[in-house]
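What follows is a set of notes on a single structure, which appears directly below.
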Amino acid sequence: MTAITANRVNNVLTLIGLTWFTPVIRMISGENPRQELVQLWRLLGIPVVAFAVFLGLWSHLAQQVETSLGKIPGPVGVYEEAVSLWEDHKIQREKEAAFYERQERRHAKKLAADPNAEVKWRTYTGKPSYVDQIFTSLKTVFMGFLIATAFAVPIGILCGLSPLFNAAMNPLIQIFKPVSPLAWLPIVTMVVSAVYVSNDPMFEKSFLNSAITVTLCSLWPTLINTSVGVASIDRDLVNVGRVLKLNWMTKVTKMVLPSALPLIFTGLRLSLGVGWMVLIAAEMLAQNPGLGKFVWDEFQNGSSHSLGKIMVAVFTIGIIGFLLDRVMQTLQGLLTFSDKR
Amino acid sequence: MKHTSKTKRSFLKTLTAAVVAVGLGGATAMPAGAAELELEKEELKFGFIKLTDMAPLAIAYEKGFFEDEGLFVTLEAQANWKVLLDRVIDGQLDGAHMLAGQPLGATIGFGTQAHIITPFSMDLNGNGITVSNEVWAKMKKHIPHQDGKPVHPIKADYLKPVIAEYKAEGKPFKMGMVFPVSTHNYELRYWLAAGDIHPGFYSKSDISGQIKADALLSVTPPPQMPATMEAGTIHGYCVGEPWNQQAVFKGIGVPVITDYEIWKDNPEKVFGITKEFADKYPNTTLAMTKAMIRAAMWLDENNDANRKEAVKILSRSEYVGADYEVIANSMTGTFEYEKGDKRPLKDFNVFFRYFATYPYYSDAVWYLTQMRRWGQIPEGKSDGWYHDIAKKVYRPDIYLKAAKLLVDDGVAAKKDFPWDTDGFRAPQSEFIDGITFDGKKPNDYLTKFSIGLKKNQVVVGADVQG
Numbered sequence: 001m002t003a004i005t006a007n008r009v010n011n012v013l014t015l016i017g018l019t020w021f022t023p024v025i026r027m028i029s030g031e032n033p034r035q036e037l038v039q040l041w042r043l044l045g046i047p048v049v050a051f052a053v054f055l056g057l058w059s060h061l062a063q064q065v066e067t068s069l070g071k072i073p074g075p076v077g078v079y080e081e082a083v084s085l086w087e088d089h090k091i092q093r094e095k096e097a098a099f100y101e102r103q104e105r106r107h108a109k110k111l112a113a114d115p116n117a118e119v120k121w122r123t124y125t126g127k128p129s130y131v132d133q134i135f136t137s138l139k140t141v142f143m144g145f146l147i148a149t150a151f152a153v154p155i156g157i158l159c160g161l162s163p164l165f166n167a168a169m170n171p172l173i174q175i176f177k178p179v180s181p182l183a184w185l186p187i188v189t190m191v192v193s194a195v196y197v198s199n200d201p202m203f204e205k206s207f208l209n210s211a212i213t214v215t216l217c218s219l220w221p222t223l224i225n226t227s228v229g230v231a232s233i234d235r236d237l238v239n240v241g242r243v244l245k246l247n248w249m250t251k252v253t254k255m256v257l258p259s260a261l262p263l264i265f266t267g268l269r270l271s272l273g274v275g276w277m278v279l280i281a282a283e284m285l286a287q288n289p290g291l292g293k294f295v296w297d298e299f300q301n302g303s304s305h306s307l308g309k310i311m312v313a314v315f316t317i318g319i320i321g322f323l324l325d326r327v328m329q330t331l332q333g334l335l336t337f338s339d340k341r
Numbered sequence: 001m002k003h004t005s006k007t008k009r010s011f012l013k014t015l016t017a018a019v020v021a022v023g024l025g026g027a028t029a030m031p032a033g034a035a036e037l038e039l040e041k042e043e044l045k046f047g048f049i050k051l052t053d054m055a056p057l058a059i060a061y062e063k064g065f066f067e068d069e070g071l072f073v074t075l076e077a078q079a080n081w082k083v084l085l086d087r088v089i090d091g092q093l094d095g096a097h098m099l100a101g102q103p104l105g106a107t108i109g110f111g112t113q114a115h116i117i118t119p120f121s122m123d124l125n126g127n128g129i130t131v132s133n134e135v136w137a138k139m140k141k142h143i144p145h146q147d148g149k150p151v152h153p154i155k156a157d158y159l160k161p162v163i164a165e166y167k168a169e170g171k172p173f174k175m176g177m178v179f180p181v182s183t184h185n186y187e188l189r190y191w192l193a194a195g196d197i198h199p200g201f202y203s204k205s206d207i208s209g210q211i212k213a214d215a216l217l218s219v220t221p222p223p224q225m226p227a228t229m230e231a232g233t234i235h236g237y238c239v240g241e242p243w244n245q246q247a248v249f250k251g252i253g254v255p256v257i258t259d260y261e262i263w264k265d266n267p268e269k270v271f272g273i274t275k276e277f278a279d280k281y282p283n284t285t286l287a288m289t290k291a292m293i294r295a296a297m298w299l300d301e302n303n304d305a306n307r308k309e310a311v312k313i314l315s316r317s318e319y320v321g322a323d324y325e326v327i328a329n330s331m332t333g334t335f336e337y338e339k340g341d342k343r344p345l346k347d348f349n350v351f352f353r354y355f356a357t358y359p360y361y362s363d364a365v366w367y368l369t370q371m372r373r374w375g376q377i378p379e380g381k382s383d384g385w386y387h388d389i390a391k392k393v394y395r396p397d398i399y400l401k402a403a404k405l406l407v408d409d410g411v412a413a414k415k416d417f418p419w420d421t422d423g424f425r426a427p428q429s430e431f432i433d434g435i436t437f438d439g440k441k442p443n444d445y446l447t448k449f450s451i452g453l454k455k456n457q458v459v460v461g462a463d464v465q466g
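Residue numbers (this note's numbering), protein chains in the order written: chain A, 1 to 341; chain B, 1 to 466.
See the structure below:
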């Protein structure tokens, strides 16, 4: 492997956040193996050891706590619950297939009796499996995040460009930024119930309630970062724009946005993180069938498996949050200019 | 092997029956009561609270009774009774497993105002009153024993000295119930008052229900009862299963009495829908009532032979979700009081026998009398008013129509339903205090209680006037 290709592979890996891979590449491309091994130990070995220590401590300490639902499950218990959730997912899929098969027979019978009969396909009515719930949560968070972005970026740009507008918005931003999702939710619920009335709704109300709550809480980091990014644009660039007599639209799209992009992305990353965190609470209360409701239902079940399942959810939430952040980081790397590449 | 061939055969049987029915329907105009109804709405969403008495819904779904009627039903657990009621009222849910007092309370406007009706009673009995270990230890000293075990039923008389003790120490004695208009609230109050413990009045201006109270009652959602008691926020509670047995299993409390012993075969949950829904979708309403009657029959069939299977279904996380053993403890003909003190109690959960699913007017009247007794209905009302409200909310007409369709389909027998009743049960006297209830004379009934509002009495401030 030549140094150049190694470098390229390396850049891609760094971009998607797999920095620990770098020493391996370097070793393959023939650089000082000893030095690279040390590097590998630092980047990969230490985290792995730390995680192992964490698992050990967890399984030891979990044994000490006796709750009314039994002992707190250790890593093995949680792993078993994860497996059983996966098995349950497969069972649900089979039931779903059986459901459609029954419907097909039903339709066939109906059509045999009357070829002009109208047959309607019903979607599966059973419970969502754990995997379905993860996707519901992802859908909800992205819906809320997209709405938030659609408002936050334009308002942020205006704030950054016009000190006057910024002064007007500032108090509102400061007041609403620290409000908890749990405070927004009742208001959102009532407003959605009153405003969103239709016979054949495209979205479930519970879905909208959760998504809008996410929006209200995840709006602020993007808004603030965008306005800071826009405001701190290089004076020289502004002057060049003035000399070239660029119109407003061109100025925004060609100058302001590109130079503010890194900060906008930082804002978006933070927003998505906040949104994901807030979502779980919103789902618990709004009864949106995602991970939040899963946790709440298991808490209510109070069975001997409940704690284990809730812990599976905790890890799922954590890992997905981490992945979302990585995805945003990668996007940021791809779309913005930086000196490092 | 044997099992498969049997299911296959029964499947073929249903298939031929269905084909014949469809054939007939195509040939002539649908005769009344034949096979499938013309449904106005086929996709439905029903809510429930995680309690074993939601069983008819789970069974109707899992055994395909809803689908047999052409209904595609989604069942969804709700966070608490308030959320459930609100979602039925604003149409997010088409119907729900409700407390008997909820349709009545909503219709007379106590809490949220909406006209809710019920074509189907879901079960009899099924609740219990549990106290914390600490309270039990203090109570137990006063309870007479036989063969080393406390004699049941345990009256609230034995709780009275414990409450006096708390009072002397200046500590409030708190108990949980699940909702202001819940059967549990009234049963707990009935039991306390029968033991001369005042459970408190409601008034027009104070709806906490704690005026003049010796025991302070407050609302906690059923599944959170054990945890709330464990945390010491309440000293006891009245709730449906499996949350009393859960306390036994967790070792955090002791059930002292079941509602079966407070009032033998008392009506418990109902299935509630808005009047609007029933008017707009009459055939759908009939079809779902049919499916639920079949589920109730299945639950009590062959001397409760199916209960174990039902428990297995209910213990799944999407339904009640508690452990199999906990649910089985009360659903399979027994009830465990103190740990290890398991006694037979066959009728703890009744889903079909004794005409359990028929919505009797007299049941509605009983709940209304209790609302009056404790001031939720702040002023005196005439006997006629009680009967009018009962007839507005309880709808045996729909129930009997559905029952007739089932008899015509050959699924149910004629003797399973009370065709000739006027909707009032014969006067009942199997209450813990021995007082007789006659649904036809609610005001007369109210005068028999030593604690409680009667005639034209009104609670003003902290006093009873009139």
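Ideal placement from N, C-alpha and C gives every residue a C-beta, glycine not left out.
Rounded to the nearest whole angstrom, the CA to CA distance from arginine 294(B) to glutamine 102(B) is 24 Å.
According to DSSP, residue pairing for glutamine 92(B) in a beta bridge does not occur. The stretch 349 to 424 of chain B is shown to contain whole alpha helix (DSSP H) runs of 4 or more residues at 361 to 373, 383 to 393 and 396 to 409, in chain order. Interface criterion not met: the Cβ of glutamine 245(B) is under 8 Å from no Cβ in chain A.
The beta carbon of tyrosine 360(B) lies closer than 8 Å to those of Ser121, Pro267, Tyr394, Pro396, Thr421, Gly423, Phe424, Arg425 and Gly439 in the same chain, with the five residues before and after it left out. Per DSSP, serine 208(B) has no beta-bridge partner at all. Arg122, Thr125 and Lys127: these are the residues of the stretch 116 to 133 of chain A whose beta carbon lies less than 7 Å from some beta carbon of chain B, given in chain order.
For isoleucine 163(B), the closest of Ile116(B), Met371(B), Met175(B) and Arg372(B) by C-alpha to C-alpha distance is Met175(B).
Following the DSSP letters along the chain, one finds lysine 312(B) in no beta strand (DSSP E) but inside the alpha helix (DSSP H) bounded by residues 307 to 314. Taking 8 Å as the CB threshold, arginine 102(A) lines the interface with chain B. Serine 259(A) sits in a helix when the DSSP states are folded into three classes. Between the alpha carbons of proline 258(A) and aspartate 234(A) lies a distance of about 12 Å. Interface with chain B (8 Å Cβ-Cβ cutoff): glutamate 283(A) is excluded. Taking every protein chain shown into account, the CB of asparagine 288(A) has 16 or more other CB atoms within 10 angstroms, so this residue is buried.
For asparagine 127(B), the uninterrupted beta strand (DSSP E) segment begins and ends at 127 to 132. Non-local beta-carbon contacts of leucine 446(B) in its own chain, meaning distances under 8 Å to residues more than five positions away in sequence, involve Thr369, Arg372, Arg373, Gly452, Leu453, Lys454 and Lys455 in chain order.
Listed in chain order, the non-local C-beta contacts of serine 193(A) below 7 Å within the same chain comprise Lys205, local neighbours out to five positions each way being set aside.
Among the residues of the stretch 66 to 86 of chain A, those with a Cβ less than 7 Å away from any Cβ of chain B are Ser68, in the order of the chain. Legend: CB atoms of the stretch 175 to 191 of chain A lying less than 7 Å from CB atoms of chain B are not found in any residue.
Within 10 angstroms of the beta-carbon of arginine 307(B) lie 16 or more other beta-carbons, which makes it buried. Here glycine 253(B) is near methionine 229(B), since their CB atoms are less than 8 Å apart. Going by DSSP, valine 464(B) is part of the beta strand (DSSP E) stretching over 463 to 465.
Where arginine 343(B) is concerned, the enclosing beta strand (DSSP E) starts and stops at 342 to 344.
Listed in chain order, the non-local C-beta contacts of arginine 87(B) below 8 Å within the same chain comprise Gly47, Gln78, Leu93 and Ala96, local neighbours out to five positions each way being set aside. In this chain, proline 163(A) is not harboured by any beta strand (DSSP E); it is covered by the alpha helix (DSSP H) spanning 163 to 176. Excluding the 5 residues flanking it on each side, glycine 128(B) has same chain C-beta neighbours closer than 6 Å at Asn244, Pro255 and Thr258, in chain order.
Taking each of Leu272(A), Leu237(A), Asn10(A) and Lys245(A) in turn and checking the Cα distance to valine 256(A), the smallest one comes out for Leu237(A). Residue-level contact by beta carbon holds for phenylalanine 72(B) and chain A, with a gap shorter than 8 Å.
Counting other Cβ atoms within 10 Å of its Cβ, aspartate 53(B) reaches 16 or more and is therefore classed as buried. Listed as beta-bridge partners of glutamate 76(B) by DSSP are Gly47(B). Counting only Cβ-Cβ distances below 9 Å, isoleucine 234(B) has no contacts in chain A at all, with the closest Cβ about 15 Å away. Taking a beta-carbon distance threshold of 8 Å, proline 56(B) does not count as an interface residue toward chain A. Taking a beta-carbon distance threshold of 8 Å, tryptophan 220(A) does not count as an interface residue toward chain B. By the CB criterion at 8 Å, lysine 63(B) and tryptophan 298(B) fall inside the cutoff.
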